[in-house]
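Here's the structure, in structure tokens; my notes come after.
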Amino acid sequence: MSPVLQLSSLSVRRGECPVVDRADLSVAAGEFVGLLGPNGAGKTTLMRAILGLLPSSGENSLRALRPEARARHAAFLPQEREIAWPMPAEDVVALGRMPHPAATPAQNRAAIERAIAEMGLEGLRHRPATELSGGEKARVLIARALAQEAPVLLADEPTAGLDPAAQISVMEVFAAHARAGGTVIASLHDLGLAARHCTRLVLMARGRIVADGAPRDVLSPENLAEVFHLRAHVDWRDEGPIFQPLSVIGR
Amino acid sequence: MTRCYSLILMALFAAVLVLFAGSLLVGPAAIGLGDSLAALFRGEGEMVTLVMREVRLPRAILGVLVGVALGLSGAAMQGLLRNPLAEPGLIGTSASAALGAVLALQTGLAAAFALALPLAALLGALISVLLILALAGPRGAIQTLILAGIGISALASALTSLVLNLSPNPFAASEIMFWMMGSLADRSMLHVGLAAPFILGGMLMMTRAWRGLDALTLGEDAAASMGVDLMRLRLWVVFATAAMVGAATAVAGAIGFVGLVVPHLLRRAVGASPARLLPASALGGAAVVLAADIVVRVIAPDRDLKLGVLTALVGSPFFLHLILRRRKDIA
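Sequence lines, in order, name chains F and R. Per the numbering used here, the first sequence starts with residue 11, numbered consecutively. Per the numbering used here, the second sequence starts with residue 35, numbered consecutively.
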């Protein structure tokens with residue numbers, strides 16, 4: 011299957027120092043990619059470069075697209091759950107239709123309703139989005155990104171600051187989205203969630219992609235020790251892997 | 035929501051129409067309703083026609099233009115900065131326009147020909163925009179833009195004070211003081227002709243900012259990822275605000291708090307969307323300025339109460355109320 015996103019030798023420099031260093035990545039429809047790595051590994055920078063929010067060198071299949079066409083191909087969920095004004099939740103979701111100026115009102119309405127239903131926002135739709143809890147805000151913002159109806163969804167730490175049930179719900183929504191033919195790339199710090207829900211993991215360290223593949227291969231004891239300085243217990247069971255970090259290995 | 039929104043716009047439009055008519059009918063010259071309308075539309079009665087067409091009509095039109103300029107640019111600045119406490123004066127245009135006007139008054143240029151003062155004010159506004167763009171750079175981040183605006187405002191106010199300080203002529207000084215208070219009295223159709231192109235041009239430019247401001251609700255990265263060109267959005271809003279506020283200050287002096295308070299009053303009613311707020315706030319600004327300009331004529335007909343004094347007197351307690359409410363929200 012042809013990839014929905016293709017990077018080759020993508021680099022982002024801050025001054026002389028590369029923040030993302032010659033990243034190669036090819037992602038196909040139906041994949042749920044977990045982007046892993048310690049703080050400062052370059053995960054956010056890589057995602058922003060993919061979206062053209064930062065100047066970068068190398069090949070990026072999205073770069074050839076004009077901003078509005080790019081927005082129809084890739085949606086972005088920034089880590090900061092920012093909603094500046096007390097707009098009703100449903101109006102926030104509707105913002106996702108902005109890159110579709112040619113769509114009919116009926117098409118827009120249908121996309122918004124699908125996103126609202128998918129995120130279970132029926133009861134919140136008229137509430138001012140600024141007054142919602144962190145988990146509810148996260149759901150509203152994911153619905154906004156889904157309403158954009160882009161084949162690729164990039165999410166920067168979508169589970170940060172959410173309670174355990176909300177974290178799992180977010181991961182399940184993304185996994186379902188990928189099973190339905192969409193593509194999700196999410197940066198994650200919770201390796202257990204990543205191991206359980208992602209179809210593929212990409213591990214970054216100091217700006218470089220150091221491992222890329224099935225969760226079982228990427229979360230090897232060697233990678234965990236080298237990249238995260240962690241010793242962990244991983245139990246690859248039938249009902250999904252169970253991952254528990256045990257201790258920090260002296261740096 | 036959409037039906038509710040059109041109702042709000044229609045109600046605001048009706049308010050502007052009523053207040054515009056009210057502004058035409060209120061004044062020191064006691065003219066009956068029938069006479070004033072006959073004079074305005076058919077030119078019956080020489081004196082009355084003169085008062086209606088040359089005094090009250092330009093005053094009412096300027097009330098609308100200045101109000102639209104302040105309300106619209108206030109809403110746009112708040113949307114751009116994602117901050118309900120932003121106001122049109124933030125980018126330094128009004129202080130710079132005032133400095134231009136003050137220099138025209140001080141040098142006597144204002145007495146030499148009628149449009150010298152507003153033209154000098156517009157020149158001041160233009161210089162401030164060029165300065166702010168040079169300081170913040172074309173890619174200017176919002177923070178740099180605000181800081182540059184604060185710096186330019188402070189410099190322009192300091193220079194205005196310097197002019198007053200060194201003014202050898204107490205009459206010029208008092209004239210400057212009174213001009214700075216902001217007023218729509220004794221303006222002519224020349225003023226309307228001067229301000230209208232800038233304010234209408236600014237309104238046109240704001241239509242380009244419309245969608246981008248809505249997307250900015252979700253932050254700069256989210257807006258950019260939805261296809262909004264942030265650099266262009268900033269330029270449109272800064273240019274439009276400068277054109278409108280520069281022209282408004284040039285013909286009316288400094289009229290404070292309208293641009294800050296009107297977007298606030300209407301935000302919840304329009305569902306808080308910055309794009310929907312733009313037209314509502316433009317109409318609301320016109321209504322408030324027209325109303326205030328009627329009030330100054332009614333409560334102190336012989337004292338020449340300045341419009342800017344009234345808007346600040348009514349606006350500042352409201353501003354304090356906002357701060358109190360925000361404090362409660364944060365706590």
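Where a beta carbon is used, it is the ideal one built from N, C-alpha and C, also for glycine.
Next on the checklist: In whole angstroms, give me the CA-to-CA distance for R:F147 and R:A135.
Outcome noted: The count along the second sequence starts at 1 and reaches residue 147 of chain R at position 113. The count along the second sequence starts at 1 and reaches residue 135 of chain R at position 101. Roughly 13 Å between the two C-alpha positions.
Checklist entry - In three-state terms, what does DSSP make of F:V29? => result If you number the first sequence from 1, residue 29 of chain F lands on position 19. Strand.
Item to check | R:G305: contacting residues in chain F (beta-carbon distance under 7 Å) | outcome: For the purposes of this step, residue 305 of chain R is taken as the residue at position 271 of the second sequence. In chain order: M97, P98 and D101.
Checklist entry - Where does the unbroken beta strand (DSSP E) through R:A258 begin, and where does it stop? => result Taking the first residue of the second sequence as 1, we reach residue 258 of chain R at position 224. Careful: R:A258 lies outside any beta strand (DSSP E), inside the alpha helix (DSSP H) at E254 to S259.
Checklist entry - What does F:F253 pair with, by DSSP beta-bridge criteria? => result For the purposes of this step, residue 253 of chain F is taken as the residue at position 243 of the first sequence. Its beta-bridge partners are F:V244.
Checklist entry - Any contact of the segment 108-122 of chain R with the segment 286-299 of chain R, i.e. 3+ C-beta pairs under 8 Å? => result yes
Checklist entry - If we count the other Cβ atoms within 10 Å of its Cβ and call it buried at 16 or more, is F:L105 buried or exposed? => result Along the first sequence, read from residue 1 onward, the residue named residue 105 of chain F stands at position 95. It counts as buried.
Checklist entry - Between the beta-carbon of R:G12 and the beta-carbon of F:A81, is there less than 7 Å? => result Given that chain R is displayed from residue 35 to residue 365, the structure contains no residue 12 of chain R and the question cannot be resolved.
Checklist entry - Which chain R residues are close to F:M108, counting only those with a beta carbon under 8 Å from its beta carbon? => result Residue 108 of chain F sits at position 98 when you count from the first residue of the first sequence. Chain R residues near F:M108: R245, D248, A249, M260, G261 and V262.
Item to check | Buried versus exposed, by CB contacts within 10 Å (16 or more), R:V52 | outcome: As a first step, residue 52 of chain R is located in the second sequence; it is residue number 18 there, counting from the start. Flag for R:V52 reads exposed.
Checklist entry - Hey, quick one: how far does the alpha helix (DSSP H) through F:A84 stretch, first residue to last? => result What you label residue 84 of chain F is simply residue 74 of the first sequence in a count that begins at 1. Note, F:A84: premise wrong, no alpha helix (DSSP H); beta strand (DSSP E) at A84 to L87.
Checklist entry - Among R:R359, R:A277, R:I333 and R:L356, which has the Cα closest to the Cα of R:S130? => result Reading the second sequence from its first residue, position 96 is the one you call residue 130 of chain R. When each option's Cα is compared against that of R:S130, the closest is R:A277.
Next on the checklist: Determine, for R:R331, whether the minimum Cβ-Cβ distance to residues of chain B falls below 7 Å.
Outcome noted: Among the chains of the structure shown, chain B does not appear; the protein chains present are F and R.
Checklist entry - With DSSP run on the structure shown, which of helix, strand or coil describes R:A365? => result Taking the first residue of the second sequence as position 1, residue 365 of chain R is located at position 331. Here R:A365 scores only 49 on pLDDT, less than 50, and its place in the model should not be relied on; the value that follows carries that caveat. In this structure, R:A365 counts as coil in the three-state DSSP scheme.
Item to check | Pairwise C-alpha distance: R:G56 and R:D69 | outcome: As a position in the second sequence, residue 69 of chain R is number 35, starting the count at 1. As a position in the second sequence, residue 56 of chain R is number 22, starting the count at 1. Each residue's alpha carbon lies about 14 Å from the other.
Next on the checklist: 7 Å is my cut-off, CB to CB: does R:A256 come that close to chain F?
Outcome noted: For this step, residue 256 of chain R is matched to residue 222 along the second sequence. Chain F contact via Cβ: present.
Item to check | Which listed residue (F:G202, F:V194 and F:V237) has its alpha carbon closest to that of F:R226 | outcome: Indexing the first sequence from 1 puts residue 226 of chain F at position 216. Selected option, being the one with the closest Cα: F:G202.
Item to check | Where F:R73 sits in the DSSP three-state scheme | outcome: Sequence index remark: in the first sequence, residue 73 of chain F carries index 63 (1-based). Coil at F:R73, not helix or strand.
Next on the checklist: I'd like to know whether the C-beta of F:L61 is nearer than 7 Å to at least one C-beta of chain R.
Outcome noted: By 1-based counting over the first sequence, the position of residue 61 of chain F is 51. Taking Cβ atoms only, chain R reaches closer than 7 Å to F:L61, which makes this a yes.
Item to check | Three-state secondary structure assigned by DSSP to R:L179 | outcome: For the purposes of this step, residue 179 of chain R is identified with residue 145 of the second sequence, where counting begins at 1. Three-state result, R:L179: helix.
Checklist entry - Going by alpha carbons, who is nearest to R:P297 out of R:A288, R:G305, R:L311 and R:A284? => result As a position in the second sequence, residue 297 of chain R is number 263, starting the count at 1. Residue R:L311 is the option with its Cα nearest to R:P297.
Next on the checklist: Taking the beta strand (DSSP E) that F:Q16 belongs to, which residues open and close that run?
Outcome noted: Stepping through the first sequence from its first residue, residue 16 of chain F is reached at position 6. Segment L15 to R24, the beta strand (DSSP E) holding F:Q16.
Checklist entry - When you compare only the Cα positions, how much space is there between R:A138 and R:D336? => result Along the second sequence, one-based indexing puts residue 138 of chain R at 104. Along the second sequence, one-based indexing puts residue 336 of chain R at 302. Going by the C-alpha atoms only, they are around 27 Å apart.
Checklist entry - Going by beta carbon distance, what residues of the same chain come within less than 6 Å of R:A320, once the five residues before and after it are set aside? => result Working through the second sequence from its first residue, we reach residue 320 of chain R at position 286. V50, V98, G101 and V102, listed in sequence order.
Checklist entry - Using a C-beta to C-beta distance shorter than 8 Å, which residues of chain R count as neighbours of F:L105? => result Position 95 of the first sequence, counted from the start, is the residue given in the question as residue 105 of chain F. Chain R residues near F:L105: D248, A249, T251, L252 and M260.
Checklist entry - Mind checking whether F:L15 and F:V29 have CB atoms under 7 Å apart? => result As a working note, residue 15 of chain F is residue 5 in the first sequence. As a working note, residue 29 of chain F is residue 19 in the first sequence. No. Outside cutoff.
Checklist entry - Which word fits F:A85, buried or exposed, when buried means at least 16 other C-beta atoms lie within 10 angstroms of its C-beta? => result Locating residue 85 of chain F in the first sequence gives position 75, counting from the first residue. It is buried - the Cβ of F:A85 has at least 16 other Cβ atoms within 10 Å.
Next on the checklist: Going by beta-carbon coordinates alone, are R:G105 and R:S315 separated by less than 7 Å?
Outcome noted: For the purposes of this step, residue 105 of chain R is taken as the residue at position 71 of the second sequence. For the purposes of this step, residue 315 of chain R is taken as the residue at position 281 of the second sequence. Taking 7 Å as the Cβ cut-off, R:G105 and R:S315 qualify as a contacting pair.
Next on the checklist: Could you check whether F:A51 and F:A215 sit closer than 7 Å to each other, using their CB atoms as the reference points?
Outcome noted: Taking the first sequence and counting its residues from 1, one reaches residue 215 of chain F at position 205. Taking the first sequence and counting its residues from 1, one reaches residue 51 of chain F at position 41. Contact: yes.
Checklist entry - Taking DSSP as the reference, what is the three-state secondary structure of F:L213? => result Numbered from 1 along the first sequence, position 203 holds the residue referred to as residue 213 of chain F. Of the three classes helix, strand and coil, the one that applies to F:L213 here is strand, per DSSP.
Checklist entry - Applying the criterion that 16 or more other CB atoms from any shown protein chain within 10 Å of the CB defines a buried residue, is R:A365 buried or exposed? => result As a first step, residue 365 of chain R must be located in the second sequence, where it is residue number 331. At R:A365, the pLDDT of 49 sits below 50, so the modelled position is not reliable; the number obtained from the coordinates is stated separately. R:A365 is exposed by the Cβ-count criterion.
Checklist entry - Is R:F47 helix, strand or coil when you go by DSSP? => result Against the second sequence, residue 47 of chain R aligns to sequence position 13. In the structure shown, R:F47 sits in a helix (DSSP, three-state: H, G or I).
Next on the checklist: When you compare the CB of F:S21 with every CB in chain R, is at least one pair closer than 7 Å?
Outcome noted: Against the first sequence, residue 21 of chain F aligns to sequence position 11. Cβ-Cβ to chain R under 7 Å: no for F:S21.
Item to check | According to DSSP, residues forming a beta bridge with F:P138 | outcome: In the first sequence, counting from the first residue as 1, residue 138 of chain F sits at position 128. Partner(s): F:P98.
Next on the checklist: For R:A154 and R:G280, which I take to be in contact (beta-carbon distance under 8 Å), what is that distance rounded to the nearest angstrom?
Outcome noted: Within the second sequence, numbered from 1, the residue matching residue 154 of chain R stands at position 120. Within the second sequence, numbered from 1, the residue matching residue 280 of chain R stands at position 246. About 11 Å; that fails the 8 Å criterion.
Checklist entry - Residues of chain R with CB under 9 Å from F:R80, in chain order? => result The sequence position of residue 80 of chain F within the first sequence is 70, counting from 1. Those are S259 and G261, listed as they occur along chain R.
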